[in-house]
Amino acid sequence: MARTNDVEHAVACTLRRYLSEILADSVRRRAQSALGITEGSLVAADLPRLVPRLEQGVRLFVDPALQPALMRELAALEGPRPAPARESHAVTTEEDISRVRLRARELALELGATSLGAQRAATITSELARNIVAYAPPGSVDLEPGRGERTLAIRAVDHGPGIAVLDQVLSGAYRSRTGLGKGLLGVKRLALRFEVKTGPTGTCVETEVAL
13 MARTNDVEHA VACTLRRYLS EILADSVRRR AQSALGITEG SLVAADLPRL
63 VPRLEQGVRL FVDPALQPAL MRELAALEGP RPAPARESHA VTTEEDISRV
113 RLRARELALE LGATSLGAQR AATITSELAR NIVAYAPPGS VDLEPGRGER
163 TLAIRAVDHG PGIAVLDQVL SGAYRSRTGL GKGLLGVKRL ALRFEVKTGP
213 TGTCVETEVA L
C-alpha cells in the first residue's frame, strides 16, 4: 500500500480531532478515490476539490454543531487564496439564470462555503436573476467576496420600470397572480444584508450572504 504524503497526513490529523483514527482515514481515502486521486499523490492544489467531498463524508459521523469548525480547519490547510475579482454576468434568458446560479455556487465554495452556504448563495442568485428575466430583462448579476468573513456579495441590476409596491412586497403583504415579490421576500430572509433601490429607471438589489 502506498504511503501517505505530508498533505494527506495534515488532512488526516485534522479529521482525527473529530473522528476515530480508522474512520478519519476511511473518510479521507474515500474522498480522494472519488476524485481519482491515488494514495500518496494528494497535493495542496487538490484541496479545494477535496474539502467539499470530505464535508459530505463526515456528515453522519460528526456532531452538526462541530462540523463548521472542522470545515474551517480543513479549509485553512489550503493556505491563503487571492481574493476573486468582481464578476458581472449578463442576464436575459432562462439559460442565463442557470449559468449564474451555478457560478455563484462555485464561487461560494472557492471562498470556503459549507454546502448549506453554497446552496444559500445559489438560491439568492437564482431568485434575483429570475426576477430580471421575468419582469425587466435585460439586466446583470454581479458576484464578489463580501465585506464580512466568508461572505458573498450578490448585486442584481435591471433597467425596468421599478417596483411601485416595494414596501408591500418586503412586508409580505403584497399578493400577485404572477408571483411578483415572493422571490424578493425570500432573498431578504436568506441574506445577511439586503438593500433595494428602485425607481422609474430600474432596480438595484444588493445582498450579502453568509457562507
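Per this note's numbering, residue 13 is the first one in the sequence shown, and the count goes up by one each step. A virtual CB, placed ideally from N, CA and C, is assigned to each residue, including glycine.
- According to the DSSP secondary-structure assignment, Thr163 is paired through a beta bridge with Ala222.
- In the DSSP assignment, His101 is bridged to Val153.
- In the pairwise beta carbon analysis, the stretch 41–55 is classified as not touching the stretch 77–92: fewer than three pairs are separated by under 8 Å.
- Rounded to the nearest whole angstrom, the C-alpha separation of Val70 and Cys25 is 14 Å.
- Counting the other CB atoms within 10 Å of its CB gives Gln68 a total below 16, which places it among the exposed residues.
- By the Cβ-count criterion, Ile136 is buried, with 16 or more other Cβ atoms from all chains shown falling within 10 Å of its own Cβ.
- In this structure Leu223 is in contact with Leu123, their Cβ atoms being roughly 6 Å apart against a cut-off of 8 Å.
- For Arg40, the enclosing alpha helix (DSSP H) covers residues Glu33 to Ala46.
- DSSP, reduced to helix, strand and coil, places Thr26 within a helical segment of the structure shown.
- In the three-state scheme derived from DSSP, where H, G and I count as helix and E and B as strand, Glu207 is classed as strand.
- A Cβ-Cβ contact shorter than 8 Å links Ala148 with Asp170.
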